[in-house]
Every structure is written in C-alpha cells, then in structure tokens.
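Chemist: If you use the numbering used here, the sequence shown corresponds to residues 3 to 481, in order.
Glycine included, C-beta positions come from ideal geometry on N, C-alpha and C.
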Amino acid sequence: MKILEILYVLSAILLAVYGYNSLVLAWLRVARYKPTPIKQFGEIHNWPYVTVQLPVYNERYVIERLIEAVGNLHYPRHRLHIQVLDDSTDITSDIIAQAVKYQRSKGLDIDHVQRLNRSGYKGGALEFGLELAKGDFIAIFDADFLPSPDFLEQIMPYYHDNSKIGCTQARWGHINREASWLTRAQANGIDGHFIIEQSVRSQKQLFLNFNGTAGVWRKACIEDAGGWHHDTLTEDLDLSYRAQLKGWQILYIPHVVAPAELPIHINALKRQQFRWAKGSIQTAQKLLMDLWRSSNSLVKKIEATIHLTHYIVHPLMLFNFIISLPLISIRSPLLWILPIFLISAIGPILMYWVAMGEEGQTKLERVKNLVMLLVLGMGLSLNNSLAVFEALLRKQSAFLRTPKFNIQGKNTTIKINEYMLPRDPFVWIEIIFAVYAIGLLIYVMTQGVWSIVVWLVLYASGYTYIASLNLRQAQGANE
Numbered sequence: 003m004k005i006l007e008i009l010y011v012l013s014a015i016l017l018a019v020y021g022y023n024s025l026v027l028a029w030l031r032v033a034r035y036k037p038t039p040i041k042q043f044g045e046i047h048n049w050p051y052v053t054v055q056l057p058v059y060n061e062r063y064v065i066e067r068l069i070e071a072v073g074n075l076h077y078p079r080h081r082l083h084i085q086v087l088d089d090s091t092d093i094t095s096d097i098i099a100q101a102v103k104y105q106r107s108k109g110l111d112i113d114h115v116q117r118l119n120r121s122g123y124k125g126g127a128l129e130f131g132l133e134l135a136k137g138d139f140i141a142i143f144d145a146d147f148l149p150s151p152d153f154l155e156q157i158m159p160y161y162h163d164n165s166k167i168g169c170t171q172a173r174w175g176h177i178n179r180e181a182s183w184l185t186r187a188q189a190n191g192i193d194g195h196f197i198i199e200q201s202v203r204s205q206k207q208l209f210l211n212f213n214g215t216a217g218v219w220r221k222a223c224i225e226d227a228g229g230w231h232h233d234t235l236t237e238d239l240d241l242s243y244r245a246q247l248k249g250w251q252i253l254y255i256p257h258v259v260a261p262a263e264l265p266i267h268i269n270a271l272k273r274q275q276f277r278w279a280k281g282s283i284q285t286a287q288k289l290l291m292d293l294w295r296s297s298n299s300l301v302k303k304i305e306a307t308i309h310l311t312h313y314i315v316h317p318l319m320l321f322n323f324i325i326s327l328p329l330i331s332i333r334s335p336l337l338w339i340l341p342i343f344l345i346s347a348i349g350p351i352l353m354y355w356v357a358m359g360e361e362g363q364t365k366l367e368r369v370k371n372l373v374m375l376l377v378l379g380m381g382l383s384l385n386n387s388l389a390v391f392e393a394l395l396r397k398q399s400a401f402l403r404t405p406k407f408n409i410q411g412k413n414t415t416i417k418i419n420e421y422m423l424p425r426d427p428f429v430w431i432e433i434i435f436a437v438y439a440i441g442l443l444i445y446v447m448t449q450g451v452w453s454i455v456v457w458l459v460l461y462a463s464g465y466t467y468i469a470s471l472n473l474r475q476a477q478g479a480n481e
C-alpha cells in the first residue's frame, strides 16, 4: 500500500499544480485584464492578399452553407482567393462542385482542390493547399463554421503595423448552444477557454494556440516555422508552438466571433475530445525539449508546459478515483491530502464561473451550468485518459473527423444519418465505472468519510450520464 500512497500524494500534488494555474489565470482575467483595442484599416487602397482555406472531408450537410458564407465576405474580390480543400469520398464533392461553380459565376476566385489520397489528413490538406495559395495571409475555417461577412475586415487590421504577428485567432461562437444540456456544457467549457485562457495568455504574451479554425495565419510565418506537420493529431497546436519558438506572436481577438456547430451526440464529442487530448500530449512529447532549450522566460516555459500537458489531469483524476477504495479501507493517514486537491479544484470552477459571468449568466444559471460542466468533465475522464495513454505509448491513429449535421438553435433532429456514429463499445467500461462510483459513494457514507462525497457524486453522475447518452443515442434517440 505504501507505493499506492506515494503515487496518490504525487498525483494530488500534480492536480493541485494544474488547479492553481487555473486560479491564477482567472485572477489575472478579473484583476489585470485590459480589453483588446478594436483596430480598423480606415481608407486604404492596398488590402493584404488573403487566401481562405476550407479543409473538408465528407461534410455534405454543412459545406454548402460554409461556401455561401465565405462568398459573402466583405473583402475586395481582387485580393481574395478561396480554396475548398476537398478530401471527401462521398456526395460532398458533388455539392462542392456545384457551389464553386455558382460562386465563380458571381466573380469569386475560388478553387476546388482535390488530392489523390488523404495523406496527413487535415494537416496534409492544408500543406497541399499552401503550395497553391495566392495570398500572403491564410484564413482557415472548418466546415461547421459560419464566418460573418466582416470577419476579414475585423481581423486583418491587426497585421497592418506589427510584422511580428504571425497568427490571429477569433473566438468561437455556438449556433446550437441551447440544443441540449450536452451542448450547453460544451459551450460553457469552450467559452471558459477563450474568455479566460486565450485572453490572458495573449495579453501577457504567453504561449497560446491557434484553435485550428476561425483564424488567419501570415503565410511567411507558416513557412518560417517549417510548415504544416502531420505527425500529431493537433497540427494546429504543433504549428502554433513551433511558430512562437521562432519568435512569432499569436494574437487572440475576443470581439471577433465565428459561430460553429457543437456536437450533439456524445460519441462525436468523445471522438473530438480524444483527438484533442491525444494530440496535445503528442505535441508536448515533440516540442517540450525545444521549449525548455529556448531563451523564453521561466514563467513562459512553465505556463507553456502546463498548457501542453493539461490533459494529463484526466488520468490523474482517474487514478485517484480508482485507488480511493483501498486507501479508505485501510484508513490511510494520507487521505488528508484530498482537501488540498479539493482546494485546487476551486481554480477551474472559478475560471468557468467568471467566464459565464462575462456571458451575462445569472448566478442561478451559472450554478446549474457549472454542475453540468463538472459532470461532463468527470464523465469524459475515462475517454480522455485512454487518449493520453495512447499518446504516451506513441500509438499512432488516424485523424477521425467530428460529424456535423447542420444543427441550429434548439433543433436536434437528424433526418438522414449517414454520419451517425455507432455505439462505442467502451460504454460497458463506463457503466462498470459508474457502478463502482455509486458503490464507493455508498461505502464512504457508511464509513463517515464525508470529505469526498461530493467528488464521488460527480463521478457517479458523470459516468452514468455519458453511458446513458451513448446507449440512448445509439438507438436513434436525440438528446
């Protein structure tokens, strides 16, 4: 048991580090943050040449609306070039061909770019398109995004007088936030990332990341950083760090918002989270040594390390959860460590509380949404832990897209479901963990160990919620 106790203490300390980091970011956002100034070009005649890249793979339900949105961009036509980077293997390619033909008839310079294979997946498509790009700046939108007509007009002025800026990132919006509890929880989680983490890191000139879409790169920056790589599942995070290690800056612009569709099915969300978790750890494995050899300050290196490895909290939480029973059964004196972990958990809670407040939510709304976000986070810990383990074991896997269905508002009806994902066989393990959590909860209550009751309630609720959604939605039910 001594080994378990030592590992328990170490994991609790590591969790505290990540928790207190969230607390610091939340404090900086509340106490030290200054709004990003809004810039405008004014009367100019030499607009930067922009290529807009739309990487697509089997997006029959959303690609037409994206091409239409890009066609409506308010930007000089002679300085705008569109690339639809189409790796599709279904009817999506025919839809793209018709949409491209229509936009060309309106005078838009738009290319339908297809490759012989999906080598490198999204990163490979972006790399291929970059060689054909006419613009000095590269805007990127995933298929489920809907940029506003003035998106480029709002973004491009930030490059006008600062040659060090290599990338600008807009904030993500949500066209189906109110579709379900699942989408609301996702929206609040993403808002916390942008409102707190991205805002503070950008303003304090810490390392931050391009989020893969709804942003603009300086082409020279991409090339100087070594171009798009596809040896991780997060090519966006990888390029972001390589560019910043080269001395380029990434600027987050919070008032520019690009709305997108949130996954409405749990298996789609789990797939997305798995990719993000595994890719983040892969990027950490690839670049941490370069980071620590760089001339950046110690504070920047520490914050960047926490940023790159933050998904490690999931296996740490899972480990603490699993070994709680043996530690409680032997009445380990080291259980006093748990309050330290619980105090550190205030960090993420406060971070999301502040972000929800920025969104204008009432205190009651924040409490309800925060509970749901915590339940979802606990429930995803098993899925994300597996992703981290695969990355640590250097197991390679394909880039699996997150299916989109053109869902807006509160509508979650899917009439045609070619892109529906089958039931995840992992659901049975989640059910086992839910039963374990419920049994452990009953046991600790009978033993009077009240300090971890709330924690176990969240775990039991999380695994039960994730598993029940998996079973229901696989049968065709909509959340």
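Rank K41, Q105 and K124 by C-alpha distance to the C-alpha of A400 and give the top, closest one.
Modeler: Minimum Cα distance to A400 is reached at K124.
Chemist: Mapping the DSSP letters down to three states, classify Q207 as helix, strand or coil.
Modeler: Coil, per DSSP.
Chemist: With DSSP collapsed to three states, give me the class of Q85.
Modeler: DSSP places Q85 in strand when its eight states are reduced to three.
Chemist: Which residues in the same chain have their Cβ closer than 7 Å to the Cβ of Q449, if we skip the five residues on either side of it in sequence?
Modeler: Excluding residues within five positions, the ones whose Cβ falls inside 7 Å are I330.
Chemist: Straight-line CA distance for I351 to A357?
Modeler: Their Cα atoms are separated by approximately 10 Å.
Chemist: Looking at the unbroken alpha helix (DSSP H) that takes in I8, where does it start and where does it end?
Modeler: First-last of the alpha helix (DSSP H) with I8: K4 to A33.
Chemist: Quick one: what does DSSP say H257 is sitting in, helix, strand or coil?
Modeler: In this structure, H257 counts as strand in the three-state DSSP scheme.
Chemist: If V26 and F139 are in contact, beta carbons under 8 Å, what's the gap, nearest whole angstrom?
Modeler: Wrong, their Cβ atoms sit about 34 Å apart, outside the cutoff.
Chemist: Mind checking V230: buried by the 16 CB within 10 Å criterion, or exposed?
Modeler: In the sequence as displayed, the identity of residue 230 is Trp instead of Val. W230 should be labelled buried.
Chemist: How about I252 and C169: do their beta carbons lie closer than 7 Å?
Modeler: A contact, by the Cβ cut-off of 7 Å.
Chemist: Using only CA atoms, which one of Q156, R368 and Y313 lies nearest to P39?
Modeler: P39 has its Cα closest to that of Q156, out of Q156, R368 and Y313.
Chemist: What is the DSSP secondary structure of I418, counted as helix, strand or coil?
Modeler: Unreliable positioning characterises I418 in this predicted model, as indicated by a pLDDT of 47, which lies under 50. The coordinate reading is nonetheless provided below. Coil at I418, not helix or strand.
Chemist: Alpha carbon to alpha carbon, how far is Y461 from V455? Give it in angstroms, no decimals.
Modeler: Each residue's Cα considered, the two are about 10 Å apart.
Chemist: With distances taken from CA atoms, which of E305, L366, K288 and A279 is nearest G379?
Modeler: Among E305, L366, K288 and A279, the Cα nearest to that of G379 is on A279.
Chemist: Go ahead and pull the three-state DSSP assignment for G214.
Modeler: Three-state DSSP puts G214 in coil, outside helix and strand.
Chemist: Rounded to whole angstroms, what's the CA-CA distance from L300 to L12? Just pull it up for me.
Modeler: Using only the alpha carbons, I get a separation of about 23 Å.
Chemist: Which residues mark the beginning and the end of the alpha helix (DSSP H) in which H312 is found?
Modeler: That residue, H312, is in no alpha helix (DSSP H); it is neither H nor E in DSSP.
Chemist: Which whole-angstrom value is the C-beta distance of Y10 and I325, which I expect to be below 8 Å?
Modeler: That belief holds up - the Cβ atoms of Y10 and I325 are roughly 6 Å apart, short of 8 Å.
Chemist: For the beta strand (DSSP E) holding F43, just list the boundary residues, first then last.
Modeler: Looking at the DSSP string, F43 is not in any beta strand (DSSP E), and its letter there is neither H nor E.
Chemist: Could you pull out every residue in the same chain whose Cβ sits closer than 8 Å to the Cβ of I308, ignoring the five residues on either side in sequence?
Modeler: For I308, where only same-chain residues beyond five positions count, the Cβ hits under 8 Å are V19, Y20 and N23.
Chemist: Do you know offhand how far I314's Cα is from P78's?
Modeler: Answer to the nearest angstrom: the Cα atoms are 45 Å apart.
Chemist: Looking at the secondary structure, which residues open and close the beta strand (DSSP E) in which A181 lies?
Modeler: First-last for A181: undefined, no H or E at that position.
Chemist: Which partner residues does Q116 have in the DSSP bridge list?
Modeler: Per DSSP, D88.
Chemist: What residues match up with C488 in a beta bridge as DSSP calls it?
Modeler: Missing from the structure shown is residue 488; the chain here goes from 3 to 481 and no further.
Chemist: Please classify L375: does DSSP put it in a helix, a strand, or coil?
Modeler: DSSP places L375 in helix when its eight states are reduced to three.
Chemist: With a threshold of 8 Å on Cβ separation, who are the neighbours of L372 within its own chain once the five nearest residues in sequence on each side are excluded?
Modeler: These residues qualify, in order along the chain: N190, I351, Y354, W355 and M358.
Chemist: Does the segment 458 to 473 come within contact of the segment 435 to 445, defined as at least 3 CB pairs closer than 8 Å?
Modeler: The segment 458 to 473, when compared against the segment 435 to 445, does touch it at the 8 Å Cβ threshold.
Chemist: Determine the burial state of Q42: buried for a count of at least 16 other Cβ atoms within 10 Å of its Cβ, exposed for fewer.
Modeler: It counts as exposed.
Chemist: Indicate the three-state DSSP secondary structure (helix, strand or coil) for A262 in the structure shown.
Modeler: Residue state, collapsed to three classes: strand.
Chemist: Am I right that A187 and L375 are in contact with their C-beta atoms under 8 Å? What's the rounded C-beta distance?
Modeler: The Cβ separation is near 5 Å, so the contact holds.
Chemist: Should the segment 241 to 259 be regarded as contacting the segment 199 to 217, the criterion being three or more beta carbon pairs within less than 8 Å?
Modeler: Yes, the segment 241 to 259 touches the segment 199 to 217.
Chemist: Specify the secondary structure class of V456 as computed by DSSP and reduced to three states.
Modeler: Three-state result, V456: helix.
Chemist: For the candidate residues L394, N269 and Y161, whose alpha-carbon lies nearest to that of V429?
Modeler: If we check each option's Cα against that of V429, N269 comes out closest.
Chemist: By the DSSP assignment, the beta strand (DSSP E) with G126 in it spans what residues?
Modeler: Element bounds for G126: not the beta strand (DSSP E) but the alpha helix (DSSP H), Y123 to L134.
Chemist: Judging by CA-CA distance, which residue of L289, S121 and S242 is the nearest neighbour of H232?
Modeler: Checked all of L289, S121 and S242; the closest Cα to H232 is S121.
Chemist: Please work out which residues of its chain come closer than 7 Å, Cβ to Cβ, to R494, disregarding the five sequence neighbours upstream and downstream, and give them in chain order.
Modeler: Outside the displayed range of the chain (3 to 481) lies residue 494, so it cannot be described from this structure.
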